[in-house]
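K.L.:
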Amino acid sequence: MSVLLDAPSIDLLIIDGRRDLGAVKNLTRLLNTTGVGAPIILVTTEGGLAAIAADWAIDDVILDTAGPAEVDARIRLAITKFLDLQRVVNPATIEIRGGEITIDEHSYTAKIKGRSLDLTYKEFELLKYLVQHPGRVFTRSQLLQEVWGYDYFGGTRTVDVHIRRLRAKLGPEHEALIGTVRHVGYRFNTPNSQNQGAAALSDH
Numbered sequence: 001m002s003v004l005l006d007a008p009s010i011d012l013l014i015i016d017g018r019r020d021l022g023a024v025k026n027l028t029r030l031l032n033t034t035g036v037g038a039p040i041i042l043v044t045t046e047g048g049l050a051a052i053a054a055d056w057a058i059d060d061v062i063l064d065t066a067g068p069a070e071v072d073a074r075i076r077l078a079i080t081k082f083l084d085l086q087r088v089v090n091p092a093t094i095e096i097r098g099g100e101i102t103i104d105e106h107s108y109t110a111k112i113k114g115r116s117l118d119l120t121y122k123e124f125e126l127l128k129y130l131v132q133h134p135g136r137v138f139t140r141s142q143l144l145q146e147v148w149g150y151d152y153f154g155g156t157r158t159v160d161v162h163i164r165r166l167r168a169k170l171g172p173e174h175e176a177l178i179g180t181v182r183h184v185g186y187r188f189n190t191p192n193s194q195n196q197g198a199a200a201l202s203d204h
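Each step along the sequence shown adds one to the number in my numbering, with nothing skipped, and position 76 is 76.
(1) Buried or exposed for residue 113, going by 16 or more other Cβ atoms inside 10 Å?
(2) Using C-beta distances below 7 Å, list every residue in its chain close to residue 98, excluding the 5 sequence neighbours before and after it, in chain order.
(3) Can you name, in chain order, every residue of its own chain whose Cβ lies under 6 Å from the Cβ of residue 169, other than the five neighbours on each side?
(4) Mind reading off the beta-carbon distance from residue 59 to residue 75? Whole number of angstroms is fine, and I expect it under 8 Å.
(5) Quick check: the Cα distance between residue 183 and residue 138, rounded to an integer number of angstroms?
(6) Enumerate in chain order the residues of its own chain whose CB-to-CB distance from residue 18 is below 8 Å, with the five nearest sequence positions on each side excluded.
(7) Go to residue 158, then tell me how far its alpha helix (DSSP H) extends in each direction, as first and last residue.
(8) Distance, Cα to Cα, residue 165 vs residue 20?
(9) Tell me which same chain residues have a C-beta within less than 6 Å of the C-beta of residue 55, skipping the five on either side of it?
(10) Going by C-alpha to C-alpha distance, which of 185, 163 and 143 sits closest to residue 220?
(11) Looking only at DSSP bridge pairs, what is residue 111 linked to?
(12) Is DSSP giving residue 16 helix, strand or coil here?
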């Protein structure tokens, strides 16, 4: 751990979680609190996926069966996303804001008007991605690729289920922040477009 903290520059951390996920969980939390400024990728088995939660503060997960091309693609994507985020995030608060939603990626927490949202890992990632692109419409396929990864083989219905859960957790007062564009997909509504988003939501 001291080697990581003393290192002058780290582009990426890859953690082997195939044997002891409990230790990995503690390590990722420790890395988060110490502020190591690099994306974290966890390598694990398929059976270990169920144990991973949002508060682990990892950027991506790679199965130990992944081939070299997939590993290379995920590494490049993780670094690119991390660098893009640094341009968006306020460096003083390390927060992403969208309307009354506040997202702290370092602690993997999200709040709406100060109320903490109890989100799963993918719910958090989906909400974060939408908030980072306010007003932009994404198809279900695009969200699957960006949030779940290009190798995810589940159907687009997965996106609908997670959107529905996110809206339920945001509550009736704020569910229209995630708008439906009929026959296209979803978008995060800025405060100025929330009324339009509410109308679209009612059509879904």
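Heads up, the beta-carbon is just placed ideally off N, CA and C, and yes, glycines get one too.
P.N.:
A quick look at the data gives this:
(1) exposed
(2) 131, 134 and 188
(3) 117
(4) In fact, because the Cβ distance is near 10 Å, the residues do not count as touching under 8 Å.
(5) 11 Å
(6) 43, 44, 45, 48 and 64
(7) 157 to 170
(8) 31 Å
(9) 108
(10) What is shown of the chain runs 1 to 204, which leaves residue 220 out entirely.
(11) 102 and 116
(12) strand
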